[in-house]
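In full-length UniProt numbering, the protein residues as written are 1 to 768.
Note that beta-carbon positions come from the ideal geometry of N, C-alpha and C, so glycine has one too.
Given the structure is predicted, the values throughout are model-derived calculations rather than measurements.
Input: a single structure, listed below in structure tokens.
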């Protein structure tokens, strides 16, 4: 019984916490608005809103016996009751005290359910301070009923709580609103997204049936000739036999002709059935497409929310930080109702907080400095959002501060070794600005809670890049800085272009493809030993996608084709032309996130499934451009591969019980030009070794039947395979595990926690 009561209280506290968070947001935003608003009518509306929020929170906290919050809300309620009746003057000291109370309530709510309300807070002191301010600002006197709910409980425990009647409009809004846990919505969305894969598979089945019907049509066409032969033979059988020594007897020939006739009729009948099946499949496919697309769009709308819903904390944050630094700052928010996928804005919450902090700490000057620069004493930070072309959203964070000191950034980058000063005698603005996103680069003279670690803008870059977005910066000394972020409106699906490189398929986001071109190969010129093309009077660096991805060299560039297919890609203001072997199609795709081990693979952002079930990597365009820049910066000219004979591929055996890790390792090695076989445990691997020759074994450790250590020892004990290179790739990363791996005879040991594609391939190349 006691456990049941405890579980009930836990659920009750969780429900209270969700409700209280809404009230806290209303209190915080209301106080900020009250501080800025000059219109008396608007002020009355704000006072009424805060009064209701405080009253509702007081009632809810009373229901869960959180007397600290109840007492604070009761006092806040008294303040706004006095304001409603014009018995109190609003002062900055009063607003500061109210903000302090809201902060204290937030701290109490931040505790775990079991600790909520237990920690000591200066509640009595806060209430006393607020009551003193009420007395000082009263006109002429505030109602005397300021006793705390704690006293009231002791004096009159049976007194029922007072309830203020809710206006009909509020009741209607409440009636149309249902609270649902975010995890439930996310689970539901994932289930709906999986239907997209089923839709794609259904489309593929329809294509398969259509191809089968075409094959049957060819067969029927061929049977038309067969029918003529059959007719001729039938006539011959009916006439007297002119060839008595024929090896085929007449009854046998008749049966053969009857079978041919039956087969022709059967194929016709089967073709009719297949035609009907195709028609039904096409109808089912169309209906499924309509329903799945409709359901997916509806679910997208469910997870879409106004961007300001998540960013309601910003006005209060700006107020508090500006006050701490002795600055006068106003935050202007434009496009607060612009809707975006909740998951995206939650991911971007910290980056946007970092940008606003940067504006206050590094951008906006102190009032005296602004006065000397002939600027208004109050600095302005503007956060604006609007929908952008191609299903994207544009977020602008700008300030009218001092701007970014590019000389200081350049000097700091030199000091940290991020750039080579000899190669950059006259640095350009567009070359310096990207340096501000480097982790560890900061111009702050000291480390504080607000800045100084050089991580803030690096986080902005990483998060934006992870979400498939772009971030650019425009800064002018003495005038201010603007950060421009482009993000997809939703994470669910996006348009992508499938390309083929060395018989492998990859997907590139359509939003980052500027143009697809087909140019004569002779149009590819060389400047300082670096290939370039001229596009719309702009000279662009050229590199093949195969080279960028580090795939095995091929003769694709030396093929007899006279034309080169090119994709011009853009990220962070840079453009590079990438050569591909074939551009396949543009489609809506469902994004599949990678697991933790695969999440840090360079140039790969995710994966998707094609209609036929093939897994296709989604390329990270920003990574591609960074990798291409490194390769193109090499002082040595790129040596074109001249094939003389088909090279013999090295053979590798991958031993891994996890299908995800097995597929990942197989894909990486095959992309690098190796021939790969797989086994699910050590026993199967050892059996394969005895039937086929391999040049290297790559194995997990923790597997059923025979683990990686045992497999290594068994291989080393066998005279035939004793010298075979063995690499252990495992989640076991302790020093003890490493020592055991080396003792068992492994040539290399790699922990999955620090997995890196380039390191893995380098180890393999060294051992082979």
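{"Asked": "Which stretch, first to last residue, makes up the alpha helix (DSSP H) that contains residue 757?", "Found": "757 to 767"}
{"Asked": "Pull up the CB-CB distance for residue 489 and residue 391, whole angstroms please, since I reckon it's below 8 Å.", "Found": "5 Å"}
{"Asked": "Would you check if there are 3 or more beta carbon pairs closer than 8 Å linking the segment 70 to 82 to the segment 43 to 59?", "Found": "yes"}
{"Asked": "Restricting to Cα atoms, I'd like to know which of 545, 518, 30 and 574 is closest to residue 539.", "Found": "574"}
{"Asked": "Say whether the segment 610 to 624 touches the segment 516 to 531, bearing in mind that this needs 3 or more beta-carbon pairs closer than 8 Å, one atom from each stretch.", "Found": "no"}
{"Asked": "Under 7 Å: does the beta carbon of residue 668 sit that close to some heavy atom of the ligand SAM?", "Found": "Of ligands this structure carries none, so the ligand SAM is not represented either."}
{"Asked": "Any chance the segment 293 to 311 sits against the segment 185 to 204, with 3 or more Cβ pairs inside 8 Å?", "Found": "yes"}
{"Asked": "Answer yes or no: do residue 697 and residue 659 have a C-beta to C-beta separation smaller than 8 Å?", "Found": "no"}
{"Asked": "Specify the secondary structure class of residue 483 as computed by DSSP and reduced to three states.", "Found": "strand"}
{"Asked": "For residue 655, is the classification buried or exposed, using 16 other Cβ atoms within 10 angstroms of its Cβ as the cut-off for buried?", "Found": "buried"}
{"Asked": "Helix or strand or just coil, what does DSSP make of residue 150?", "Found": "Residue placement at residue 150 is poorly supported in this model, since its pLDDT is 39, which falls under 50; the coordinates are not used for a value here."}
{"Asked": "Where DSSP assigns a beta bridge to residue 749, which residues make up the other side?", "Found": "728"}
{"Asked": "Are at least three pairs of beta-carbons, each pair with one atom in the segment 396 to 411 and one in the segment 356 to 373, less than 8 Å apart?", "Found": "yes"}
{"Asked": "Does the distance from the CB of residue 544 to the CB of residue 496 come in under 8 Å?", "Found": "no"}
{"Asked": "Any contact of the segment 736 to 752 with the segment 695 to 710, i.e. 3+ C-beta pairs under 8 Å?", "Found": "yes"}
{"Asked": "One question on the structure: do residue 364 and residue 327 come within less than 8 Å of each other, judged by their Cβ atoms?", "Found": "yes"}
{"Asked": "Consult DSSP for residue 319 and reduce its assignment to one of helix, strand or coil.", "Found": "helix"}
{"Asked": "With DSSP as the reference, label residue 709 as helix, strand or coil.", "Found": "helix"}
{"Asked": "Helix, strand or coil for residue 491, going by three-state DSSP, please let me know.", "Found": "coil"}
{"Asked": "Take residue 741 and list the residues in its own chain whose beta-carbon comes closer than 6 Å to its own, dropping the five residues that flank it on each side.", "Found": "728 and 749"}
{"Asked": "Report yes or no: is there a C-beta of chain C within less than 8 Å of the C-beta of residue 311?", "Found": "Reference to chain C is not applicable here, since this structure consists of a single protein chain."}
{"Asked": "Do the segment 265 to 280 and the segment 202 to 221 touch if we need at least three Cβ pairs shorter than 8 Å?", "Found": "yes"}
{"Asked": "Tell me, please, which residues DSSP counts as bridged to residue 520.", "Found": "563"}
{"Asked": "State whether the segment 62 to 76 contacts the segment 84 to 95, with contact taken as three or more CB pairs (one from each stretch) at a distance under 8 Å.", "Found": "no"}
{"Asked": "Short of 7 Å in beta carbon distance, which residues of its chain neighbour residue 589, apart from the five on each side in sequence? Order them along the chain.", "Found": "493, 494, 496, 507 and 608"}
{"Asked": "Should residue 622 be labelled buried (16 or more other beta-carbon atoms within 10 Å of its own) or exposed?", "Found": "buried"}
{"Asked": "If you run the structure through DSSP and keep just helix, strand and coil, what is residue 64?", "Found": "coil"}
{"Asked": "Determine the DSSP secondary structure at residue 434, reduced to helix, strand or coil.", "Found": "helix"}
{"Asked": "I believe residue 512 touches residue 569 by the beta-carbon criterion, under 8 Å. Please report the beta-carbon distance rounded to the nearest angstrom.", "Found": "6 Å"}
{"Asked": "Exposed or buried, which one is residue 478 when buried takes at least 16 other CB atoms within 10 Å?", "Found": "exposed"}
{"Asked": "Please classify residue 498: does DSSP put it in a helix, a strand, or coil?", "Found": "strand"}
{"Asked": "To which residues of the same chain is residue 459 closer than 7 Å at the C-beta, ignoring the five residues directly before and after it?", "Found": "350, 351 and 354"}
{"Asked": "Three-state secondary structure (DSSP) at residue 509?", "Found": "strand"}
{"Asked": "Helix, strand or coil: which one does DSSP assign to residue 332?", "Found": "strand"}
{"Asked": "Exposed or buried, what is residue 537 when buried is set at 16 or more other beta-carbons lying within 10 Å of its beta-carbon?", "Found": "exposed"}
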